[in-house]
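Chemist: Remember, the numbering used here sits 4 above the position in the sequence shown when you count from 1.
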Amino acid sequence: MAIEKKKSPKWKKAIFIQPPSPIPTSDFVHQFLSLSSYKRLCLTLQLIAEAIGTYFVIFAGCGSVAVNKIYGSVTFPGICVTWGLIVMVMVYTVGHISGAHFNPAVTITFSILGHFPWKQVPLYIIAQLMGSILASGTLALLFDVTPQAYFGTVPVGSNGQSLAIEIIISFLLMFVISGVATDDRAIGQVAGIAVGMTITLNVFVAGPISGASMNPARSIGPAIVKHVYTGLWVYIVGPIIGTLAGAFVYNLIRSTDKPLRELAKSASSLRS
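1) For residue 231, which of 243, 174, 242 and 157 has the nearest alpha-carbon?
2) So the alpha helix (DSSP H) residue 230 belongs to, where does it begin and stop?
3) Can you tell me the Cα-Cα spacing of residue 184 and residue 171, whole angstroms?
4) Excluding the five sequence neighbours on either side, which residues of its own chain have a C-beta within less than 7 Å of the C-beta of residue 89, listed in chain order?
5) Please go through the same chain and pick out, in chain order, the residues whose beta-carbon is closer than 6 Å to the beta-carbon of residue 175, but skip the five residues on each side of it.
6) Measure the C-alpha to C-alpha separation of residue 267 and residue 253 and round it to an integer number of angstroms.
7) For residue 233 and residue 137, I'd like the C-alpha separation in whole angstroms.
8) How is residue 155 classed by DSSP in three states: helix, strand or coil?
9) According to the Cβ coordinates, are residue 164 and residue 213 closer than 9 Å?
10) Should residue 150 go down as buried or exposed, given a rule of 16 or more other Cβ atoms within 10 Å for buried?
11) From residue 166 to residue 222, what does the alpha carbon distance come to, in whole angstroms?
12) Terminal residues of the continuous alpha helix (DSSP H) containing residue 238?
13) Using alpha carbons as the reference points, say which of 206, 196, 126 and 210 lies closest to residue 97.
What follows is the structure in structure tokens.
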């Protein structure tokens, strides 16, 4: 790697972005596939992993909402913990395969920042939406989901209030993702735990107000299956704005790789 005069901040390609290397396959596969076919195979496996991961995130998270509304056996804190746990589990399960986005807003944000190829964005979003729709369809088949037991997201107050809260919690989510999953100075092994805990906290705070979506796929899937489109735009616009802002702000404050000791010396020399 060439050494530049001005050292730019290091970003690691870990979970939430893209696998750092091609998916391992057997020698047999390498012998009978061309390079382009092998790349298509890898991308296909990534899309399948992304769809499966999103499916189980929505199945468990929205399932806890449905079960609580129908049977009253989960409780609101249980719903919050369920969302955080399932995201954490799926991050560690398929993060090394697909990058574990599970969220169109996260995929779009990483692409805008140059950490994910634009040409794969539509495919990832389709995989995420398919996973969400299939999970929502499964829940609709398993449970008698009345309008009162709807497991999607609908603004409780005004659309403006829900939009604001979605922007704020999506900002926090992406700020944490940027810190623990893309910065070389962070401990990458705890990324799944940190992100899962952030989602749990966000659902605790924003759940009673907006439903705490943070994810267009989380809201679009149930809306399509149950034909409930009230305020759906809030859960598309809000998370995208919030994740873009969160990543941008983190990018600003981590704009140097210098240790704090060196920064303090530089500041002292400037004052003298």
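We put the beta carbon where it would ideally sit given N, CA and C, even for glycine.
Given the structure is predicted, the values throughout are model-derived calculations rather than measurements.
Modeler: Here's the rundown:
1) 157
2) 220-230
3) 20 Å
4) 200
5) 246, 249 and 250
6) Residue placement at residue 267 is poorly supported in this model, since its pLDDT is 38, which falls under 50; the coordinates still yield a value, given next. Taking the straight line joining both Cα atoms gives about 20 Å.
7) 14 Å
8) coil
9) no
10) exposed
11) 15 Å
12) 238-257
13) 196
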